[in-house]
Amino acid sequence: MRQDKVALYPGSFDPVTMGHVDIIERALRVFDRVIVAVAVNTTKSGLFDMEERVELIRKTFIDTPQVEVVSFSGLLVDYLRENKINTILRGLRAISDFDYEFQIASMNNSLSPDVDTVFLMTSQKYYYISSSVIKEVARFGGDISDIVPPPVYAALKDKFSKVE
Ligand code: ADP
């Protein structure tokens, strides 16, 4: 029997945006399954906690059983090895992503030579979207309805209405 082609998409997803959604949907044209892995981040402190981030991605893909959501801590290559996954998925926006992504992909490949990173580009309309920009705009009441999935829109509204 043919084995499923699986890609693991790691990131902070604080919160998931339409840029991320676009990457996942594109990846499903190439892979049978995408596992979205929310990283327990040691350097960035987030707006949403781990459970909220995972839940928001699950709600976004509720009708897409090929998308699974997990959280992980520690070294990504260890998680991949334990789960027998060889492909990392990452998204590329403008040139600014390249240098950082190149470093991480090279590092992961040298730590675990079986592991490859596949990069997909988003649609141009999502080039300038990042979780941090979305949080800034949402904080001050700007319209983000086109650039986040509906569950995230509701969660951001809720979060910032409590703050103000
Ligand atoms: P990290 O903290 O690991 O960079 P992010 O959640 O910010 O986590 O991003 C996860 C991945 O998604 C990265 O590969 C990033 O380049 C990509 N990404 C984020 N936003 C977009 C977007 N608008 N278009 C394409 N890729 C994106």
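With the sequence shown counted from 1, adding 2 to any position gets you my numbering.
Glycine included, each C-beta is placed from N, C-alpha and C at the ideal position.
Legend entry - Helix, strand or coil at PRO151 according to DSSP, with G and I counted as helix: coil
Legend entry - Touch test, the stretch 122-132 against the stretch 84-98, Cβ-Cβ under 8 Å, three pairs minimum: yes
Legend entry - Backbone CA spacing between LYS127 and LEU58 [nearest angstrom]: 22 Å
Legend entry - Close-in-space but distant-in-sequence residues of the same chain around ARG35 (CB under 7 Å, 5 per side omitted): ASP6, VAL8, GLN68, GLU70
Legend entry - Between the CA atoms of ALA39 and SER73 - distance to the nearest angstrom: 5 Å
Legend entry - Three-state class that DSSP yields for TYR11 in the structure shown: strand
Legend entry - Beta-carbon proximity check, ASP80 vs ASN43, cutoff 9 Å: no
Inset, instruction - Measure the C-alpha to C-alpha separation of SER98 and LYS61 and round it to an integer number of angstroms. - result: 30 Å
Inset, instruction - Compare the beta carbon distance of MET52 and ILE149 with 9 Å and say whether it is the shorter of the two. - result: no
Inset, instruction - Note the first and the last residue of the continuous alpha helix (DSSP H) segment covering GLY21. - result: 20-29
Inset, instruction - Kindly examine the ligand ADP and report whether one of its heavy atoms sits closer than 8 Å to the Cβ of ALA41. - result: yes
Inset, instruction - Verify the contact flag: GLY93, CB atom, against every heavy atom of the ligand HEM, threshold strictly below 8 Å. - result: What this structure holds is the ligand ADP, not the ligand HEM.
Inset, instruction - Could you name the residues that DSSP lists as bridge partners for PRO38? - result: The residue asked about is misnamed: residue 38 is Val in this sequence, not Pro. BP columns for VAL38 point to TYR11, VAL71.
Legend entry - Proximity of ILE87 and ILE37 at Cβ, strictly below 9 Å: yes
Inset, instruction - Put GLU166 into one of helix, strand or coil per three-state DSSP. - result: A caution first: GLU166 carries a pLDDT of 47, below 50, which makes its placement in the model unreliable, though a value can still be read off. It is coil, neither helix nor strand.
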